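Quick note on numbering: the sequence shown equals residues 1 to 203 in UniProt numbering.
Every residue gets a Cβ at the ideal spot worked out from N, C-alpha and C, and that includes glycine.
Nothing here was measured: the structure is a model prediction, and the numbers come from that model.
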Amino acid sequence: MSNREMRIHNDSDDEDPDTHSDGVPCSVLNSPCATKPADCISDEFFVKSKALIMALSDADVQKQIKHMMAFIEQEANEKAEEIDAKAEEEFNIEKGRLVQQQRLKIMEYYEKKEKQVELQKKIQSSNMLNQARLKVLKEVVIKVDQDNFLPAESCGGVDLIAARGRIKIVNTLETRLELIAQQLVPEIRSSLFGRNPNRKFTD
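This is how it looks when you write it as structure tokens:
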């Protein structure tokens, strides 16, 4: 027998008949666990594992849902604020436009009223002027009082009475001199006492 045959024979002799060539006991390989490992795992283990996986999945899902809800709520709040700001801006613009429009209408209304008032004043003034002209154009009746004369001490002149005594004009020499004297008082004062430095106007 050759050395090679001897080595193979020795190796076969050293093997344990109850042990597989991979070192796994035959009892294990021949057991149901070797062919169907799931049969050796209890149903309770599967139930617990499945419940744990489902619990973790539900927690993750709830967390994700809360995150999405928070994100959606934040987006909704930002959108609502944006809509409110835009609505407020549009409201202010529209309010300013309406206020300006109504202001222009009020200004136009009062300008029209002022023009109407001015026109009425002009018409009234023209009518009064025309009436006064018509009165002036009327024939004037002058009556000379032959019974009542000026006082003897008077230097002369005339007294005019109209509208049944409501209008009186005294145009005698004495009244004319008195009027001139009153007009010359400021000039006489300046000639006698000098110009008053506190007065700005001398007229």
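Sub-8 angstroms separation of THR172 and SER191 beta-carbons
In this structure, SER191 does not lie closer than 8 angstroms to THR172 by Cβ.
Indicate the three-state DSSP secondary structure (helix, strand or coil) for ALA162 in the structure shown.
It is a strand residue.
Pop quiz: ASP159 and VAL170 are said to be a contact at Cβ under 8 angstroms. What is the actual Cβ separation, rounded to whole angstroms?
Distance from ASP159 to VAL170 at the Cβ level is roughly 5 angstroms; contact confirmed, criterion being Cβ atoms closer than 8 angstroms.
Give the DSSP bridge partners of GLY157, in chain order.
THR172.
When the Cα atoms are used, what is the spatial distance from VAL144 to VAL136?
Roughly 20 angstroms separates the two Cα atoms.
Rounded separation between ALA87 and LYS79 - CA only:
Approximately 12 angstroms between the Cα atoms of the pair.
Reduced DSSP secondary structure (H/G/I, E/B, other) of ILE142:
DSSP, reduced to helix, strand and coil, places ILE142 outside both helices and strands of the structure shown, so it counts as coil.
In angstroms, rounded to a whole number, what distance separates the CA positions of residue 208 and PHE193?
Outside the displayed range of the chain (1 to 203) lies residue 208, so it cannot be described from this structure.
Which value, in whole angstroms, describes the spacing of the CA atoms of ASP60 and MET69?
Rounded to the nearest angstrom, the gap between the Cα atoms of ASP60 and MET69 is 14 angstroms.
Cut-off 8 angstroms between Cβ atoms - residues of its own chain near LEU134, not counting five sequence neighbours on either side:
Around LEU134: no qualifying Cβ.
I'd like the list of long-range same chain contacts for ILE72, defined as Cβ closer than 6 angstroms, with 5 residues on each side in sequence excluded.
Around ILE72: no qualifying Cβ.
Local conformation of MET6 per DSSP, three classes
Any answer about MET6 is weak, because its pLDDT of 42 lies below 50 and its placement is not dependable; what the coordinates show is given next. The answer is helix: DSSP assigns MET6 an H, G or I state.
Let me confirm a value: ASN196 is counted as buried when at least 16 other C-beta atoms fall within 10 Å, else exposed. Which label applies?
Counting every other CB atom within 10 Å of its CB across the protein chains shown gives ASN196 a total below 16, marking it as exposed.
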